[in-house]
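Here's the structure, in structure tokens; my notes come after.
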Ligand code: 0X9
Ligand code: ZN
């Protein structure tokens with residue numbers, strides 16, 4: 023076994039008095055395997071040593087392609103060029119080359135998928151596929167589903183063509199899908215915001231196959247499609263994906279890496295492209311420019327579509343520099359790919375949304391930045407208003423796929439992501455799935471396992487997680503309902519305009535939706551709440567200044583790479599928090615981990631340092647149960663000083679940023695394009711209200 027992914031942030035929402043400060047200079051020790059630098063530089067996967075938060079912060083400033091495969095003291099990074107290696111070295115960071123010159127091994131690894139496809143005419147997937155789809159395959163499959171079951175499948179062309187002029191396709195699935203909107207809630211599932219994350223499109227497409235082929239024969243799926251409409255957009259970034267998939271199939275490193283760390287990656291050219299085809303701000307690619315600009319592994323061009331959405335656009339965790347891997351673009355929604363999704367989501371009541379990515383086995387929910395981050399309104403960003411429900415649904419889904427159920431920020435800070443906009447602007451629940459454990463696009467058999475579930479998750483998997491997300495979309499407890507009567511055939515409209523805060527400004531946003539009253543003259547419209555989460559009250563935690571008890575341990579020098587443990591007893595019940603601080607006199611690298619001693623004597627890590635700047639090292643344990651805790655002090659430096667480590671018990675209290683607005687929709691009835699009546703409607707989550715339209719005219723003749 024290689025290193026495993028661990029969470030570095032077990033605790034949340036403690037507010038420090040200082041806002042984010044500048045990164046502190048990291049140690050400059052050298053060593054570790056050096057990358058081969060030369061003109062024949064092959065794409066590499068390296069493991070960069072990040073013993074402290076400062077190392078991670080430094081690494082984040084370098085504009086490199088960081089993977090999410092990261093742990094407490096390492097981050098896996100894709101080096102696309104000799105310049106990338108030079109940047110790492112210049113920053114004083116050390117690394118091990120996990121896999122060098124992956125290009126050479128392309129053929130070797132492609133074979134795994136090819137072998138599977140050869141040995142198996144069909145797979146157990148709903149479509150029976152045995153290998154990755156190309157862009158043409160996706161479009162053909164959507165056309166096929168439309169052709170096979172036209173009564174429940176409607177093709178959708180998203181409104182904006184890509185920078186290369188491609189149409190982005192989707193399908194809408196549901197009972198009577200061709201009839202006018204009848205007030206049913208909408209579930210949206212998407213893939214391939216990031217070009218190289220092939221399984222994210224595969225699982226999205228398989229879910230569509232599953233729904234379509236089981237409608238009418240499977241009661242659960244039939245019921246779901248009677249109550250909801252499902253919109254499937256498997257390839258949101260069609261330009262980028264086309265480059266990635268056409269430029270070579272995968273490389274499986276496990277074969278190469280002696281079964282050590284199972285990981286990624288690398289084929290030549292664009293196989294590991296992440297972004298879209300924007301060649302420079304405001305410019306569209308000419309001819310084959312996007313595909314040809316493979317310098318820096320295809321990083322030479324593009325905007326990160328998952329940093330380009332309007333919500334807090336321009337904030338932490340997104341780069342302002344073209345062509346960094348997380349370049350946010352020239353402005354919020356500057357890209358056709360994000361405009362497409364914006365218009366899709368603003369034109370319906372998308373009560374639940376899933377955006378698929380790869381990898382790391384995670385289900386991520388808002389928010390994208392740490393709760394103690396001071397947001398553009400001058401208050402801590404805090405927890406999402408609907409944290410309890412969002413977390414509960416996340417837990418239901420991760421019980422199916424075995425992933426971790428965490429906030430986006432627990433991975434790393436991001437702003438301008440899909441669901442951080444969609445949730446905060448529309449109130450619809452939104453999740454990012456990071457599918458798969460090891461790599462951006464593994465051999466195809468793993469895609470099958472991720473969908474259907476394997477091992478202890480056999481028969482569950484993401485299939486079941488997606489079905490639960492769809493069930494949530496129809497659950498009235500998690501959205502709102504407007505009900506009433508109006509003459510059959512009347513068009514009802516529900517609208518609202520608002521400003522969505524970006525990091526330094528705001529953008530004009532709106533929701534504009536409609537439905538047609540059915541024959542009965544009664545309607546029930548499943549909508550998102552009228553007041554957006556972003557203006558609702560939200561909570562954050564503040565610690566008592568004085569500890570209720572504290573204990574300090576002093577230690578002498580620790581030899582390099584070794585550690586010393588100190589035991590700290592908690593006998594009190596109901597403690598809110600242990601604040602553990604490690605201090606030493608010189609600027610060396612020391613690290614701190616906190617463990618709980620289980621009944622059998624084994625240690626479970628409950629916290630580690632990493633979140634707090636302007637502190638030497640600090641770890642917080644929330645709601646600690648009584649027992650013996652171990653403070654582990656680790657020396658990463660060649661010269662280690664003496665140190666002190668202090669554990670303090672604190673009370674914490676929850677503060678609330680009050681709701682700033684009560685927002686309403688404007689509900690109107692129209693006939694032949696003429697507005698007959700108009701009222702304002704305020705409706706909260708879980709609530710049903712009457713739509714009091716009185717002047718919608720008599721019964722239709
Ligand atoms: O960085 C991203 O865009 C996502 N990871 S990926 O490796 N697939 O690129 C994670 C974004 C998750 N964060 C939030 N949605 N808050
Ligand atoms: Zn992604």
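Residue numbers (this note's numbering): 23 to 723. Glycine included, each C-beta is placed from N, C-alpha and C at the ideal position. Given the structure is predicted, the values throughout are model-derived calculations rather than measurements.
- Taking the Cα positions, residue 616 is about 29 Å away from residue 120.
- Looking at the DSSP output, residue 617 bridges to 627 and 652.
- Cβ neighbours of residue 210 within its own chain (closer than 6 Å, five residues either side excluded): 253, 372 and 375.
- DSSP, reduced to helix, strand and coil, places residue 591 within a strand of the structure shown.
- Looking only at 139, 713 and 95, the smallest Cα-Cα distance to residue 505 is reached by 713.
- Considered as a whole, the stretch 667–699 harbours 674–679 and 687–693 as its complete beta strand (DSSP E) runs of no fewer than 3 residues, in chain order.
- Separation of the CB atoms of residue 175 and residue 223 is rounded to 18 Å, and the pair is thereby denied contact status at 8 Å.
- In the DSSP assignment, residue 242 falls within the alpha helix (DSSP H) that extends over 241–249.
- With fewer than 16 other CB atoms across the displayed protein chains lying within 10 angstroms of its CB, residue 173 is exposed.
- Following the DSSP letters along the chain, one finds residue 435 in no beta strand (DSSP E), marked with neither H nor E.
- Using a cutoff of 7 Å, the CB of residue 407 does not count as near the ligand 0X9, since none of the ligand's heavy atoms is closer than that.
- Cβ neighbours of residue 641 within its own chain (closer than 6 Å, five residues either side excluded): 602, 614, 616, 629, 630 and 631.
- Nearest neighbour of residue 231 by Cα position, chosen from 489, 377 and 343, turns out to be 489.
- In this structure, residue 219 has its CB closer than 7 Å to one or more heavy atoms of the ligand ZN.
- Shown here, residue 379 sits in a strand according to DSSP, grouped into three states.
- Remark: three or more beta-carbon pairs, one from each stretch, lie closer than 8 Å, so the stretch 416–429 and the stretch 382–393 are flagged as touching.
- The ligand 0X9 never approaches residue 415 closely enough for any of its heavy atoms to be under 7 Å from the residue's Cβ.
- Your pair residue 543 and residue 507 checks out as a contact, with CB atoms roughly 5 Å apart and the cut at 8 Å.
- Remark: the shortest separation between the CB of residue 328 and any heavy atom of the ligand 0X9 falls under 7 Å.
- Non-local beta-carbon contacts of residue 335 in its own chain, meaning distances under 6 Å to residues more than five positions away in sequence, involve 354, 438 and 524 in chain order.
- Set against 7 Å, the gap from the CB of residue 591 to the closest heavy atom of the ligand 0X9 is not smaller.
- Residue 474 and residue 205 have their alpha carbons spaced roughly 32 Å apart.
- The C-alpha of residue 551 is placed about 6 Å away from the C-alpha of residue 705.
- Residue pairing of residue 489 in beta bridges, as defined by DSSP: absent, with no partner found.
- By the neighbour-count criterion, in which a residue is buried when 16 or more other Cβ atoms sit within 10 angstroms of its Cβ, residue 185 is buried.
- By the 16-neighbour rule on beta-carbons within 10 angstroms, residue 102 is buried.
- Relative to the ligand ZN, the beta carbon of residue 463 is positioned no closer than 7 Å to any heavy atom.
- In this structure the stretch 326–341 does not touch the stretch 137–157; the number of beta carbon pairs closer than 8 Å is below three.
- For a cut-off of 8 Å, the C-beta gap from residue 692 to residue 517 is around 11 Å, too long to register as a contact.
- Annotation for residue 111: no beta strand (DSSP E) segment contains it, though the alpha helix (DSSP H) segment containing it runs 104–112.
- The closest heavy atom of the ligand ZN lies 7 Å or more from the beta carbon of residue 460.
- As for any alpha helix (DSSP H) of minimum length 4 sitting wholly inside the stretch 397–425, the runs are 409–423, ordered along the chain.
- In this structure, residue 429 has its beta carbon at no less than 7 Å from each heavy atom of the ligand ZN.
- Straight-line spacing of the CA atoms in residue 585 and residue 227 works out to 49 Å.
- The beta carbon of residue 212 is closer than 6 Å to those of 255, 258 and 377 in its chain, skipping five residues each way along the sequence.
- Residue 197 places its beta carbon less than 8 Å from that of residue 247.
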